[in-house]
Amino acid sequence: MLNKPTEARLRRTDNAAIIDVSGDVTEQGEQAIKGAYVEALAGDPRRVFLNFGDTEYINTSGIAVLISLVMEAGKAGRKVGLYGMSAHYKKVFTLVRLPLYADMFESEGEALASL
Amino acid sequence: MDRLWQFLDFRVQRAADWWRLPLIGLVVSAPISLTTSLFLASYGAQGPYGGFWRLLVAGILASVPVFVLSGGLFVPIELWIQRRRRRLHQLQAAVVRSGVLALNGVLGAFVAYAIVVAALLAPPPSTLLAVFLITYPLDIALVGLIYTLYEEYVFQLQVSTQLTQEMRVASGIQRGLFPRDIPRVSGFDLAARCEPARETGGDFFDFVDLGDGRLGMVIADVSGKGMPAALLMADARSTWRAEARLDRGPGETLRRANTSLCRDTDSNSFVTFLYAVLDPAARQICFASAGHPLPLVYNDSEIKEVEVYGLPLGLAQDATYEEVSLALAPGDTVLLYTDGIIEVMNASRELFGFEGLMSVLQLEGDQGASSLLERTWSATRAFGSDDDQADDMTVMVLKALR
Numbered sequence: 001m002l003n004k005p006t007e008a009r010l011r012r013t014d015n016a017a018i019i020d021v022s023g024d025v026t027e028q029g030e031q032a033i034k035g036a037y038v039e040a041l042a043g044d045p046r047r048v049f050l051n052f053g054d055t056e057y058i059n060t061s062g063i064a065v066l067i068s069l070v071m072e073a074g075k076a077g078r079k080v081g082l083y084g085m086s087a088h089y090k091k092v093f094t095l096v097r098l099p100l101y102a103d104m105f106e107s108e109g110e111a112l113a114s115l
Numbered sequence: 001m002d003r004l005w006q007f008l009d010f011r012v013q014r015a016a017d018w019w020r021l022p023l024i025g026l027v028v029s030a031p032i033s034l035t036t037s038l039f040l041a042s043y044g045a046q047g048p049y050g051g052f053w054r055l056l057v058a059g060i061l062a063s064v065p066v067f068v069l070s071g072g073l074f075v076p077i078e079l080w081i082q083r084r085r086r087r088l089h090q091l092q093a094a095v096v097r098s099g100v101l102a103l104n105g106v107l108g109a110f111v112a113y114a115i116v117v118a119a120l121l122a123p124p125p126s127t128l129l130a131v132f133l134i135t136y137p138l139d140i141a142l143v144g145l146i147y148t149l150y151e152e153y154v155f156q157l158q159v160s161t162q163l164t165q166e167m168r169v170a171s172g173i174q175r176g177l178f179p180r181d182i183p184r185v186s187g188f189d190l191a192a193r194c195e196p197a198r199e200t201g202g203d204f205f206d207f208v209d210l211g212d213g214r215l216g217m218v219i220a221d222v223s224g225k226g227m228p229a230a231l232l233m234a235d236a237r238s239t240w241r242a243e244a245r246l247d248r249g250p251g252e253t254l255r256r257a258n259t260s261l262c263r264d265t266d267s268n269s270f271v272t273f274l275y276a277v278l279d280p281a282a283r284q285i286c287f288a289s290a291g292h293p294l295p296l297v298y299n300d301s302e303i304k305e306v307e308v309y310g311l312p313l314g315l316a317q318d319a320t321y322e323e324v325s326l327a328l329a330p331g332d333t334v335l336l337y338t339d340g341i342i343e344v345m346n347a348s349r350e351l352f353g354f355e356g357l358m359s360v361l362q363l364e365g366d367q368g369a370s371s372l373l374e375r376t377w378s379a380t381r382a383f384g385s386d387d388d389q390a391d392d393m394t395v396m397v398l399k400a401l402r
């Protein structure tokens, strides 16, 4: 199975930064996701959200990248928000205890309403 | 593959290999020599210097010794390059080789011209010398370039063969880390299987005898694949074995293993672990999980997930791990697995998923442990899009006999 490259596009709302993650999240996606996160922080948003609405596959290395990102954010006093995941990956995120370091939302509306 | 690269390895790396270079010069230059001679013969045949065939033979006889000689003179330069292999870039080596050979080609042009002068009845025009001076140095410089490309090819082939061999050895060593036999437990049927996606993998399962008939069982998944995952797998397995033998219970065992692994892993690596201690006499099983997919328990067409959670090992030093105990009734089947099973993808990029695995368990849960394991495997294979396994896959089945 060929992995689709990870893409991370940053967009901003009034007080939040949203990183739309598409493709497959693997170790190759680390630079794209972490790069977008650093870029997101430059605008000093109240919160950064990762949107997985267009993500089809996340392997263990991709999970490791996400855990590393949310843990680093946590150390800096920030709590990242996650939404758009399929039910499968919502369960996987719960198994690896991602909710300890990041909040999970059902939709973008719910995520933005949390601000 | 070994024999192939040994056959192809005609490089001059030691003084004793000197005889190879004239041969390489001749082989590489033979087509060039023939082309040049044909050109000269066609050119000369229109003039007063003899017929086509006579000039062709004269051209070949004149050029071949030049190439052989060039190769021979090239030996000291080649040995000098080889001694500086670590410091000399391939491009620099190509420039040195081609430059030296081009200078030699100039000498060869004069020698060839002198031979033609001596061999032909009528004196050749000075343009023939110009032709020799252009073609010979360029032709022979090409030998240097081709030799560099050839050398790089053989070198890469050698490296790749060595890597393949090392991977094969590593794979054998890793296979040796898996239990040779599945333990027999009174009143229970046990089966387990692991297939890495590459030569080596990050999934593993293992058992440890805890005394009094109790059995420690682990299934784990290291993030990533291939050699880095295999190294972390070996580390995680030995750490777990050392801690498990102290018999402090699954939760405490994982806590201590985590503290140790946190020192060995970087921020982008972790290990999911499911450690279960089976007490066959009490017909009880106690689980602790470090980010691993939940155990499934089947009995009489009912499936339930054992809700046991914990942070994967290697992420946070202060992580603690809860324990969940379960009484096993006759006929209960416990299925443990890694994410490679539920993340098998079909051609439409749909995942086999938790639902797919539960469907297999629903249909085949009454089978014996080995049979259920095989049917789970077959179902994932049938679902998957091709033979290219994307992730390591491991399944362990424990069945309480009636």
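Taken in sequence, the protein lines are chains A and B. Read the first sequence against the working numbering and you will find it ends at 115, with the numbers running on by one and no gaps. Read the second sequence against the working numbering and you will find it ends at 402, with the numbers running on by one and no gaps. The beta carbon of each residue, even a glycine, is placed where N, CA and C say it ideally should be.
> At a CB-CB cut-off below 8 Å, which residues of chain B make contact with residue 67/A?
Replying inline: For the C-beta of residue 67/A, the chain B residues within less than 8 Å are, from N- to C-terminus, 270, 312, 315.
> Counting along the chain, where does the alpha helix (DSSP H) carrying residue 281/B start and finish?
Replying inline: Boundaries cannot be given for residue 281/B, as no alpha helix (DSSP H) includes it and DSSP labels it neither H nor E.
> Identify the residues that DSSP records as bridge partners of residue 18/A: which are they?
Replying inline: Beta-bridge pairing links residue 18/A to 11/A, 49/A.
>> Need the endpoints of the beta strand (DSSP E) that residue 102/A sits in, please.
In response: Residue 102/A -> beta strand (DSSP E) spans 102 to 105.
> Taking the alpha helix (DSSP H) that residue 111/A falls in, what are its first and last residues?
Replying inline: Residues 108 to 113.
> At what residue ranges does the segment 86 to 152 of chain B contain a whole run of the alpha helix (DSSP H), taking only runs of 4 or more?
Replying inline: Here the runs fully enclosed are 90 to 119.
>> Please state the DSSP three-state secondary structure of residue 299/B.
In response: Of the three classes helix, strand and coil, the one that applies to residue 299/B here is strand, per DSSP.
>> Looking at the secondary structure, which residues open and close the beta strand (DSSP E) in which residue 308/B lies?
In response: Premise fails: residue 308/B is in no beta strand (DSSP E) and is neither H nor E.
> What is the DSSP secondary structure of residue 247/B, counted as helix, strand or coil?
Replying inline: Coil at residue 247/B, not helix or strand.
> If we count Cβ pairs, one from each stretch, closer than 8 Å, do we get three or more for the segment 152 to 161 of chain B versus the segment 297 to 305 of chain B?
Replying inline: With the cut-off at 8 Å, the segment 152 to 161 of chain B and the segment 297 to 305 of chain B do not touch.
> Smallest Cα separation from residue 73/A: which of 112/A, 49/A, 57/A?
Replying inline: Among 112/A, 49/A, 57/A, the Cα nearest to that of residue 73/A belongs to 49/A.
>> According to DSSP, residue 222/B sits in a beta bridge with which residue or residues?
In response: The bridge partners DSSP lists for residue 222/B are 271/B.
>> Which residues in chain B have a C-beta closer than 7 Å to the C-beta of residue 141/A? List them in chain order.
In response: Coverage of chain A is limited to positions 1 through 115, which leaves residue 141/A absent and any answer about it impossible.
> How would you list, in chain order, the residues of chain B whose beta-carbon sits under 7 Å from the beta-carbon of residue 61/A?
Replying inline: Against chain B, the beta carbon of residue 61/A has neighbours under 7 Å at 223, 224, listed in chain order.
> By how many angstroms is the C-alpha of residue 343/B removed from the C-alpha of residue 437/B?
Replying inline: The structure shown does not extend to residue 437/B, since chain B spans only 1 to 402, so no value can be given for it.
> At a cut of 8 Å, does the segment 88 to 106 of chain B reach the segment 139 to 152 of chain B through at least three beta carbon pairs?
Replying inline: Below 8 Å, enough C-beta pairs join the segment 88 to 106 of chain B and the segment 139 to 152 of chain B to call them touching: three or more.
>> Does the CB of residue 291/B have a neighbour CB from chain A at under 8 Å?
In response: With 8 Å as the cut-off, residue 291/B counts as an interface residue toward chain A.
> How should residue 318/B be labelled, buried or exposed, when 16 other C-beta atoms within 10 angstroms of its C-beta is the threshold for buried?
Replying inline: Classification of residue 318/B: exposed, given that the 10 Å Cβ count is below 16.
> Using a Cβ-Cβ cut-off of 8 Å (strictly less than) and excluding sequence neighbours within five positions of residue 199/B, which residues of its own chain qualify?
Replying inline: Cβ within range, chain order: 167, 168, 170, 171, 226.
> Checking contacts by CB at 8 Å: is residue 396/B closer than that to chain A?
Replying inline: No, its Cβ sits nowhere closer than 8 Å to a Cβ of chain A.
>> Short of 8 Å in beta carbon distance, which residues of its chain neighbour residue 345/B, apart from the five on each side in sequence? Order them along the chain.
In response: Non-local beta-carbon contacts of residue 345/B in its own chain, meaning distances under 8 Å to residues more than five positions away in sequence, involve 351, 352, 384, 385, 390 in chain order.
> Since residue 378/B meets chain A, which of its residues come closer than 9 Å, beta carbon to beta carbon?
Replying inline: By Cβ distance, chain A contributes nothing, its closest Cβ being about 19 Å from residue 378/B, past 9 Å.
> By DSSP, does residue 318/B sit in helix, in strand, or in coil?
Replying inline: Here residue 318/B sits in coil by DSSP.
>> Using only the alpha-carbon positions, how far apart do residue 25/A and residue 392/B sit?
In response: Those two C-alpha atoms are separated by around 17 Å.
>> If I measure Cβ to Cβ from residue 98/B and keep anything under 6 Å in the same chain, skipping five residues before and after, which residues do I get?
In response: If we look at residue 98/B and ignore the five residues flanking it on each side, its Cβ neighbours are 141, 144, 145.
> Would residue 70/A count as contacting chain B if we go by Cβ distances under 8 Å?
Replying inline: No, residue 70/A does not count as interfacial toward chain B.
> Taking the alpha-carbon positions, what's the residue 10/A to residue 106/A distance?
Replying inline: If you draw a straight line from the Cα of residue 10/A to the Cα of residue 106/A, it is about 20 Å long.
> With a cut-off of 8 Å, does the C-beta of residue 7/A fall near any C-beta of chain B?
Replying inline: Residue 7/A does not count as touching chain B.
> At a cut of 8 Å, does the segment 58 to 70 of chain B reach the segment 101 to 119 of chain B through at least three beta carbon pairs?
Replying inline: Per the Cβ contact rule, the segment 58 to 70 of chain B is in contact with the segment 101 to 119 of chain B (3 or more Cβ pairs under 8 Å).
> Count the other CB atoms within 10 Å of the CB of residue 174/B; is the residue buried (16 or more) or exposed (fewer)?
Replying inline: Buried, by the Cβ-count rule.
> Helix, strand or coil: how does DSSP classify residue 6/A here?
Replying inline: Of the three classes helix, strand and coil, the one that applies to residue 6/A here is coil, per DSSP.
> Going along the chain, which residues of its own chain have a beta-carbon closer than 8 Å to the beta-carbon of residue 241/B, five neighbours each way excluded?
Replying inline: Excluding residues within five positions, the ones whose Cβ falls inside 8 Å are 206, 208.
>> Starting from residue 210/B, trace the beta strand (DSSP E) in both directions and tell me its first and last residue.
In response: Its beta strand (DSSP E) spans residues 203 to 211.
> Distance, Cα to Cα, residue 313/B vs residue 102/A?
Replying inline: So the alpha carbons of these two residues sit roughly 18 Å apart.
> So which residues on chain A does residue 351/B lean against when the C-beta distance must stay under 8 Å?
Replying inline: Neighbours of residue 351/B on chain A, chain order: 57, 88.
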